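Inspection log for the structure reproduced underneath, given as structure tokens.
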Amino acid sequence: MRILIAGSNGMLGNDLKEVLQDKHELILTTSKTMDITNKNHTIDFISNEKPDIVINSAAYTDVDGCEENQDVAYAVNGKGVKNLALACRAVDCPLVHISTDYIFNGKNDRPWVENDEADPISVYGKSKLKGEEAILEILDKFFIVRTAWLYGVNGRNFPKTMLELAENHSEITVVYDEIGTPTYAMDLANAISQLIETDFYGIYHITNSGSCSWCEFARYIFEVANVDVNVIPVTASEFARAAPRPSYSVLKNKTWVENGFKPLRSYKDAISEYIGLIK
Ligand SMILES: NC(=O)c1ccc[n+]([C@@H]2O[C@H](COP(=O)([O-])OP(=O)(O)OC[C@H]3O[C@@H](n4cnc5c(N)ncnc54)[C@H](OP(=O)(O)O)[C@@H]3O)[C@@H](O)[C@H]2O)c1
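According to the working numbering, the sequence shown holds residues 102 to 380 in order.
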């Protein structure tokens, strides 16, 4: 297939490249070559390239930055996605779009399923929901893939930050009252490569299996990396950040499993492999 990847320089974008490049012809775009906030350019670019499918891994992902730069958040995560949907409609190709657990409010006592009501509590979550809504309105052929707590070999992420902090701190405070599922970008990229071989369109939750708090995740990272550091649990309210986060955002991978795909491996197995790669 001829696959156009928007946001190919990002953390997930890089892993998508690696997973898809042997089997497919890739058209890799960045914010410089195809700024998705530019409607006419995005539609023209995709009309000229005529891909079989577009994967959108581009987003404004700075969750705290979104609170301050609301215009940018809505321009990229809302309008930008709408522009991509319009472009895909113009060439009649499906769109794979990556969304987030942060479209939920976090007030749940069981994992969220795909048709649970979205009720984002941050600008990032609200802007990402706008993107989903635009796709639902414009396209019939789409995969909206909500994932969570991503980390990968490229770019900044929680495991890298923890390991860097541990180099010159003996104690690290980490939030314990936010529960989710850390997800390895390479595992997500592999899942997406399976999904695009089908026409099982719709909304998907795709994460590694299991769940934990940030604090448990940090402790597990240090255990696997064999690093001696004292992890001190704090509440989210004690740990000042600009954007509120959902306290419980575990995503049940219901549609994924119902459509016959194998559940992703546990987050513990995934992070163990990842640490082996980056250490
Ligand atoms: N990171 C997480 O924990 C997490 C969790 C859940 C869901 N997600 C979602 O997963 C997806 C991938 O996230 P990620 O962590 O891989 O993101 P990332 O590393 O921040 O990469 C995002 C990419 O988007 C591109 N971009 C930004 N503005 C753009 C614009 N106007 N036009 C075109 N490209 C633009 C940037 O491109 P340039 O480098 O070319 O400027 C950047 O490389 C996003 O949709 C995100 O919302 C992430």
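C-beta atoms are modelled at their ideal positions from N, C-alpha and C, and glycine is treated no differently.
What you are looking at is a predicted structure, and each value in this text was computed from that prediction instead of being measured.
- In the structure shown, the three-state DSSP call for S109 is coil.
- Distances taken from the Cβ of K133 to the heavy atoms of ligand 1 include one shorter than 7 Å.
- Counting of Cβ neighbours within 10 angstroms places E279 among the buried residues, the total reaching 16 or more.
- Given a length threshold of 3 residues, each whole run of the beta strand (DSSP E) inside the region 127-167 is given here in chain order: 154-157.
- A heavy atom of ligand 1 is found nearer than 7 Å to the CB of T201.
- About 18 Å separates the CB atoms of T299 and T248; that is not less than 8 Å, and the two are not in contact.
- Remark: the C-beta of Y161 is in contact range of ligand 1, defined as less than 7 Å to any heavy atom.
- Going by DSSP, G361 is part of no beta strand (DSSP E) at all; its letter is neither H nor E.
- In this structure M102 is not in contact with L251, their Cβ atoms being roughly 24 Å apart against a cut-off of 8 Å.
- Distance from the C-beta of K261 to the nearest heavy atom of ligand 1 is not below 7 Å.
- Going by beta carbons, D153 and C194 fall inside the 8 Å limit.
- Looking only at A191, G166, L105, E215, the smallest Cα-Cα distance to K355 is reached by E215.
- The alpha-carbon of P364 is positioned some 18 Å away from that of S373.
- Annotated three-state conformation of P260 is helix, per DSSP.
- In this structure, V197 lies near V246, with their beta-carbon atoms less than 8 Å apart.
- Per DSSP, reduced to three states, the secondary structure at Y302 is coil, with no helix or strand assignment.
- DSSP places F323 inside the alpha helix (DSSP H), whose first and last residues are 315-326.
- Ranking V173, K124, K118 by CA distance to the CA of N139 puts V173 first.
- A distance criterion of 7 Å places the beta-carbon of W250 in contact range of ligand 1, judged by its closest non-hydrogen atom.
- In the three-state scheme derived from DSSP, where H, G and I count as helix and E and B as strand, N269 is classed as helix.
- Per DSSP, the unbroken alpha helix (DSSP H) holding N184 starts and ends at 182-192.
- By alpha-carbon distance to I106, the top candidate from D370, A341, I322, A290 is A290.
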